[in-house]
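Trainee:
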Amino acid sequence: VRDRVFLALLGLNIVFVTAGYAQLETLPVFAKNQAHVSERAIGVVFLVNSLVIVLAQLPLTRLVEGRRRMGMLALMTAIWAVAWLLVFGAGLWLSAAAAAAVIVLAGGIFAVGECLQGPTQQALIAELAPDHLRGRYMALSTSSWSIGWIAGPALGAFVLQQEPLALWPAAAALCLAAGAGGLRLERRLPETARRTPADLVAAVPPEPDSETVIEPASAKVPG
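Going by the working numbering, the letters in the sequence shown line up with residues 1241 to 1463, in that order.
#1: Only counting the same chain, and skipping five residues up and downstream in sequence, which positions put a Cβ closer than 6 Å to that of A1442?
#2: Straight-line CA distance for A1351 to G1358?
#3: Three-state secondary structure (DSSP) at A1442?
#4: If we count the other Cβ atoms within 10 Å of its Cβ and call it buried at 16 or more, is R1309 buried or exposed?
#5: Which full runs of the alpha helix (DSSP H) of 4+ residues lie inside the stretch 1386-1440, going along the chain?
#6: Keeping to the same chain, check which residues put their C-beta closer than 6 Å to that of T1258; ignore five residues upstream and five downstream.
#7: From which residue to which residue does the alpha helix (DSSP H) around P1370 run?
#8: Might you give, ordered along the chain, the residues of its own chain that have their beta carbon closer than 7 Å to the beta carbon of M1312, omitting 5 neighbours on each side?
#9: Between the C-alpha atoms of G1306 and L1300, what's the straight-line distance to the nearest angstrom?
#10: Checking the sheet assignment: what are the DSSP bridge partners for R1308?
#11: If I'm right that W1408 touches L1325 with Cβ under 8 Å, what's the distance once you round it to whole angstroms?
#12: Could you give the DSSP three-state label for V1277: helix, strand or coil?
#13: Could you tell me if T1266 is buried or exposed, where buried requires 16 or more neighbouring beta carbons within 10 angstroms of its beta carbon?
#14: Could you name the residues of the same chain whose beta carbon sits closer than 7 Å to that of G1421, not counting the 5 residues immediately before and after it, in chain order?
#15: From N1289 to E1279, what distance separates their C-alpha atoms?
#16: I believe I1293 touches V1322 by the beta-carbon criterion, under 8 Å. Please report the beta-carbon distance rounded to the nearest angstrom.
#17: Quick one: residues in its chain with C-beta nearer than 8 Å to the C-beta of V1245, no 5 flanking neighbours on either side, listed in chain order?
#18: Among I1343, V1327, Q1362, which residue has its Cα nearest to the Cα of R1435?
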């Protein structure tokens, strides 16, 4: 594939997953070891995250109809940055129940950003793909998710070992940088692909990692 716009989107998606979704894997370890949050409270974080996705997905899908795709992705990354900075603040200034409450809030806020991703980026990949290369485009898109899910937890675990509190500002900064990159990429998109269609609710392509995002809710936290 020599489509530079598509390849740039894949690069952005790797950052989205690495600095966004994949850090849900490191969150339980940080919450328990740094903020002294109980395992039960950590489970509540992911329960709230999942509930917000279920309740907000349809309304937010309607909200993004007809809007600029890159603008929605930039908003997503800004929301994720806020969530990660809340986690940072919880670890820096709070502990136990107070930290748990803030991290639960962060999990809910992060979920709002998740709801914006599918209707914008996944649909855009499908729209950019030529008919004869659609299978290859979608396969490469799925691979970008896999790369992010491999790199994100590995990098997150490394940073947690070195300086736990540094992870969340770094992840927030990467999210914002990726959002800014998306805005710069917008002018290179075909005019017809810059906005979401008006009938998104009828068919939104599923996210490749929809099950993986919820998986940490049942994950055991190392003692």
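Heads up, the beta-carbon is just placed ideally off N, CA and C, and yes, glycines get one too.
Mentor: Once the coordinates are examined:
#1: The predicted model places A1442 with a pLDDT of 49, which falls under 50 and marks its position as unreliable; any figure quoted below should be read in that light. Answer for A1442: no residue qualifies.
#2: Distance between the alpha carbons of A1351 and G1358 is about 12 Å.
#3: Confidence is the limiting factor: at A1442 the pLDDT is only 49, short of 50, which leaves the residue's position unreliable, though a coordinate-based value still follows. Under the three-state reduction of DSSP, A1442 is assigned to helix.
#4: Buried: at least 16 other Cβ atoms inside 10 Å.
#5: Segments of the alpha helix (DSSP H) lying fully in the stretch 1386-1440: 1407-1425.
#6: Answer for T1258: G1388, A1391, G1392, listed in chain order.
#7: DSSP places P1370 outside any alpha helix (DSSP H), giving it a letter other than H or E.
#8: Residues of the same chain with a CB within less than 7 Å of the CB of M1312, apart from the 5 flanking positions on each side, are V1304, L1356, T1360 in chain order.
#9: G1306 and L1300 have their alpha carbons spaced roughly 12 Å apart.
#10: Partner(s): R1435.
#11: Cβ-Cβ separation between W1408 and L1325: approximately 7 Å, consistent with a contact (criterion under 8 Å).
#12: Secondary structure at V1277: coil, using DSSP grouped into helix, strand and coil.
#13: When all chains shown are included, T1266 counts as buried.
#14: Taking G1421 as the centre and dropping the five residues before and after it, the same chain places the C-beta of L1252 closer than 7 Å to its C-beta, in chain order.
#15: Each residue's Cα considered, the two are about 16 Å apart.
#16: The pair is not a contact, with the Cβ atoms about 17 Å apart (cut-off 8 Å).
#17: Answer for V1245: L1368, L1425, R1428, L1429, listed in chain order.
#18: Of the listed residues, the one whose Cα sits closest to R1435 is Q1362.
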